[in-house]
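Residue numbers for the sequence shown follow the numbering used here, beginning at 14 and rising by one. Quick notes on the structure that follows.
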Amino acid sequence: MHEWGIDKLQITVSGPWRTYLSDGFEFFQLRLTDHLNRWLGAPERARSGVSVETLSGTPLTVASIQVKASRCGNREGQVTVAIKANPTLTLSSLLLRYGNSPDFRATIFLLDAWTFFQKPPVELRLAGSLDGNENYLPEHPSARAALGNDPFLAFMPIYLSHLRDLVGMILAEGAHEISFEHGEQVFGSAATGEVRLNWAAANVPQIETYFERFHSRAVSAVRAAAVAILDGDQLNDLTMYPGPHTLARAADRLTVGTNLTVDRRFDLAVYAKTETRVRFEVRRLRRGRYSAVAPSDQFASTSRLDAHLLHIIFTVGRADAERRVQWINLFQVFDEPDEPSLGDLVELLSSISRAAGSADGFHRLISALLVDGGVSAGGATDIPDGTIRQLVRVGVLENKPLRAGRRSTDHLPRYQLTADYRWLRQSLLSALAPNTHDGAQPSG
14 MHEWGIDKLQ ITVSGPWRTY LSDGFEFFQL RLTDHLNRWL GAPERARSGV
64 SVETLSGTPL TVASIQVKAS RCGNREGQVT VAIKANPTLT LSSLLLRYGN
114 SPDFRATIFL LDAWTFFQKP PVELRLAGSL DGNENYLPEH PSARAALGND
164 PFLAFMPIYL SHLRDLVGMI LAEGAHEISF EHGEQVFGSA ATGEVRLNWA
214 AANVPQIETY FERFHSRAVS AVRAAAVAIL DGDQLNDLTM YPGPHTLARA
264 ADRLTVGTNL TVDRRFDLAV YAKTETRVRF EVRRLRRGRY SAVAPSDQFA
314 STSRLDAHLL HIIFTVGRAD AERRVQWINL FQVFDEPDEP SLGDLVELLS
364 SISRAAGSAD GFHRLISALL VDGGVSAGGA TDIPDGTIRQ LVRVGVLENK
414 PLRAGRRSTD HLPRYQLTAD YRWLRQSLLS ALAPNTHDGA QPSG
């Protein structure tokens, strides 16, 4: 289970507050005001409470943090912090910024919370995935090279520590106010009062756990699986998410979604994250049944601040994802075929069409490549050299010199289909050849 990553993650944590000032409104007006005006909205006062939320568009990899305090007309009440986070997005940013450090774990542990959750600069950012997001890990620097065989198990204690510090930047008047007692984070001042957050009893309303498999034709594989699954089960959903700037059929992005439980507590989504990555994602959209999985000794030595959440994320979350899906059957649907697929044919035709630039050019190219298996540059050919170079560049053709004659030492620059596409061409020829084994003759 060490391959499982953590994507979207919602955490709610609450606790009591009390103040020595006139009431809670005065108390939280002091604490919830962002004097630097860099990431918090203005505190909003309701009839009996105060709330504040991080601004959208901040340069952080945490989607939002909302703080709500109740019974503010009194001198004590409850406060709740709701966090929408994405550990994958944060880990990706850290790898892009610090992944080549000699000791990655120590480097990110020593960062302050604001720097830890920063988005990477534009020049380091990953290309957007097929769903338009950046929540996937880079191949280099590798998460496993930086954090070991189970990257998220090593990463999440550091992540949660910095997440608490980020919450502290909202609730504490200064770093000197923050202390920890028996699983609680305490923000206290002898002059104004205190706030306590019980992290040892935090809830996780939503969590998405996932793993990925590399596939040379990820989009085609999901399309084929979508058709196969829908043919056999009408309870599945098939949705399309377009690219940022296109609605063309050739750019369809498909997700196969399946509900895993009667109460719709869990969903499975399978989709092409990139052109070469298929993501298998188990989404819990409601509060989990934490008691369904007994606590293990895995986090016995962990602080009470972390142990409860790590149990939910890893012991419960991963166990739910593992036991609710028939993974062996699912993998058979998404296995990369040994034989050429329709996706290979579509990719070949698309590459030839883009290189040809016209219907007439496409006809000449497809005739030469599928009938002859290659083209020659120069001589009698009327296929432009630039077109041939483009097909070499995208991996359709490779250079294969052929002698002009039996006794000639001259070589014509000849280009043949690369190995995968030669195999595809041979499979097409075999499938289209008339079957003569039974002695049947073609009708005339």
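Backbone N, C-alpha and C fix where the C-beta goes; we use that ideal spot for every residue, glycine too. Since the model is a prediction, treat every value here as computed from it, not as a measurement.
Residue i vs residue j beta-carbon contact at 8 Å
i      : j      : result
Ala215 : Leu322 : yes
Asp144 : Arg230 : no
Ile401 : Ala390 : yes
Leu10  : Val338 : It is not possible to answer for residue 10, since the shown part of the chain is limited to 14 through 457.
Ile365 : Val409 : yes
Trp17  : Arg367 : no
Glu197 : Gly37  : no
Leu107 : Leu150 : no
Val80  : Leu43  : no
Pro133 : Leu109 : yes
Leu184 : Val208 : yes
Ile171 : Phe117 : no
Tyr284 : Thr268 : yes
Ala126 : Asp47  : no
Thr205 : Leu34  : yes
Arg88  : Arg51  : no
Leu325 : Val217 : Reading the sequence as shown, one finds Ile at residue 325 and not Leu. Contact: yes.
Phe312 : Val295 : no
Ala213 : Leu318 : yes
Gly386 : Leu430 : yes
Anticipated Cβ contact below 8 Å, residue i with residue j, distance rounded
i      : j      : result
Leu160 : Phe168 : 6 Å
Leu362 : Arg438 : With 8 Å as the limit, Leu362 and Arg438 do not qualify as a contact, their Cβ atoms being about 12 Å apart.
Glu194 : Ser202 : At roughly 15 Å, the Cβ-Cβ gap does not stay under 8 Å, so Glu194 and Ser202 are not in contact.
Closest Cα partner of residue i within the set the options
i      : options                        : result
Phe41  : Arg51, Gly70, Gly86            : Gly86
Phe130 : Asn113, Val180, Pro29, Val94   : Val180
Pro115 : Ile24, Pro154, Ser142          : Pro154
Ser64  : Gly70, Gln91, Arg51, Ala76     : Gln91
Asn148 : Ala381, Glu16, Leu383, Leu102  : Leu102
Asn211 : Glu294, Arg60, Thr93           : Thr93
Arg84  : Ser77, Ala59, Ala185           : Ala59
Val388 : Ala158, Asn412, Asn162, Trp30  : Asn412
Pro397 : Val407, Gly370, Gly386         : Gly370
Met182 : Asp163, Leu53, Ile220          : Leu53
Glu221 : Ala158, Ala334, Leu430         : Ala334
Asp433 : Arg427, Val407, Leu445         : Val407
Leu343 : Ala237, Ser443, Tyr428         : Ala237
Pro56  : Ala76, Thr71, Ala82, Pro72     : Ala82
Ser233 : Gly141, Asp163, Glu360, Leu124 : Glu360
Leu137 : Gly112, Ala158, Arg157         : Gly112
Ser142 : Asp373, Thr67, Ser192, Lys286  : Lys286
Glu469 : Gly62, Phe327, Thr74           : As displayed, the chain neither begins before 14 nor continues past 457, which places residue 469 out of reach and without an answer.
Pro72  : Val135, Val329, Ala119         : Val135
Gln219 : Leu124, Phe200, Val329         : Val329
Arg427 : Ala381, Ser443, Leu124         : Ala381
Val199 : Val75, Leu124, Val26, Leu139   : Val26
Glu186 : Ser443, Leu49, Pro164, Phe375  : Leu49
Arg336 : His376, Leu273, Phe375, Ala320 : Leu273
Heavy atom of the ligand ZN within 7 Å of residue i beta-carbon
i      : result
Leu298 : This structure lacks the ligand ZN, and indeed carries no ligand of any kind.
Legend entry - Touch test, the stretch 221-228 against the stretch 281-296, Cβ-Cβ under 8 Å, three pairs minimum: In short, these stretches touch, since the Cβ pair count reaches three.
Legend entry - Cβ contact (3+ pairs, closer than 8 Å) linking the stretch 96-110 and the stretch 21-29: Look at the beta carbons and you see the stretch 96-110 touching the stretch 21-29: at least three pairs across the two are nearer than 8 Å.
Inset, instruction - Report the residue ranges of all alpha helix (DSSP H) runs contained in full by the stretch 151-187; include only those spanning at least 4 residues, in chain order. - result: Correct list: 156-160, 164-184.
Inset, instruction - With a floor of 4 residues, list each alpha helix (DSSP H) that falls wholly inside the stretch 26-110, ordered by position along the chain. - result: Those alpha helix (DSSP H) runs which fall completely within the stretch 26-110 and span 4+ residues are 37-44.
Inset, instruction - Write down every uninterrupted run of the alpha helix (DSSP H) in the stretch 311-339 whose length is 4 residues or greater and which is fully enclosed by it, in chain order. - result: The stretch 311-339 contains these whole alpha helix (DSSP H) runs: 317-323, 330-336.
Legend entry - In chain order, each alpha helix (DSSP H) run of at least 4 residues that lies wholly inside the stretch 125-153: Runs of the alpha helix (DSSP H) lying entirely within the stretch 125-153, each at least 4 residues long, are 126-129 in chain order.
Inset, instruction - For the stretch 184-224, list the beta strand (DSSP E) runs that are entirely contained and at least 3 residues long, ordered along the chain. - result: Taking only runs of at least 3 residues, the beta strand (DSSP E) segments lying wholly in the stretch 184-224 are 191-194, 197-202, 206-211.
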